Ligand SMILES: C[S@@+](CC[C@H](N)C(=O)[O-])C[C@H]1O[C@@H](n2cnc3c(N)ncnc32)[C@H](O)[C@@H]1O
């Protein structure tokens, strides 16, 4: 009898421990602050789709659009207004994966460059990079995209403005952080690297987790001096307005770009 009683009380103590620890965690100031940052980011408008459609509307010739990383096409790809649209995804997150090229972006660009798919001289007006959100992959996607973008075209990147270091974690599946399932990965590092590249213009729309834009010719923002050579999050956090050339969509629309009338 005594043994059963001891067993029950120790089980209750463990559960009480779990409860107190969980309660403390959920009421932690930092946890609440990061939660609030996710909440604020989710309220920002427009979404990536509106921004991409605005960029495409600047061109009057037949427009070519490429999306790298599609998942469910109803969330973005199917809503894009372009004359010709192409999609690339190996199908890691959406089982039916109804895309044109069921492969990784590296393999797609390899085949494209060697003339095995599409026309060898094809150039896109907008390329949307939203595949694997790790810096070295995004860096390669940008480098490859620059070979296939028109001079006045735009390379668009989702998730360039992570609100906290937890959102910018490397491991997507680790959801036990204050950012929960929200994940921007380390895309910001690749975007920042190219922001520092002379000959590439860039800015980032402060909406939908940071919609980064790069262009060879369009005057969307001069390159910046590298003030964060080790890509440290805290430095990025303190300098994000300049590091990303962070602007709101209204400001972006007021920029004098080469458009259908130029
Ligand atoms: C964030 S989702 C894309 C969301 C979509 N672009 C949208 O706006 O709703 C990321 C997608 O990238 C795909 N992906 C992962 N690794 C990739 C790679 N190496 N190349 C291309 N796509 C990749 C995944 O399968 C997933 O469907």
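Residue numbers (the numbering used here): 1 to 262. Just so it is clear, CB atoms sit at the ideal spot from N, CA and C, and this is done for glycine as well. None of these values were measured; they are calculated from a predicted model.
> Can you list, in chain order, every residue whose CB sits closer than 5 Å to a heavy atom of ligand 1?
Replying inline: 69, 71, 75, 76, 89, 92, 93, 104, 105, 130, 131 and 132
>> Between residue 125 and residue 64, how many whole angstroms is the CB-CB distance? I'm expecting something under 8 Å.
In response: 6 Å
> Just checking my contact of residue 201 with residue 219 at CB under 8 Å: how many whole Å lie between their CB atoms?
Replying inline: 6 Å
>> Which runs of the beta strand (DSSP E) at least 3 residues long sit entirely within the segment 187-223? Give them in chain order.
In response: 201-205 and 211-215
> To which residues does DSSP link residue 86 through a beta bridge?
Replying inline: 66
> Excluding sequence positions up to five away, which residues of its chain have a Cβ less than 6 Å from the Cβ of residue 82?
Replying inline: 56, 63 and 65
> Is residue 222 buried or exposed, if buried means 16 or more other CB atoms sit within 10 Å of its CB?
Replying inline: exposed
> Tell me, which residues are paired with residue 126 by DSSP?
Replying inline: 65 and 154
>> Could you check whether residue 111 and residue 149 sit closer than 8 Å to each other, using their CB atoms as the reference points?
In response: no
> According to DSSP, what are the bridge partners of residue 101?
Replying inline: 88
> In this structure, what does DSSP give as the bridge partners for residue 246?
Replying inline: 204
> In terms of alpha-carbon separation, which member of 108, 37 and 84 lies closest to residue 69?
Replying inline: 108
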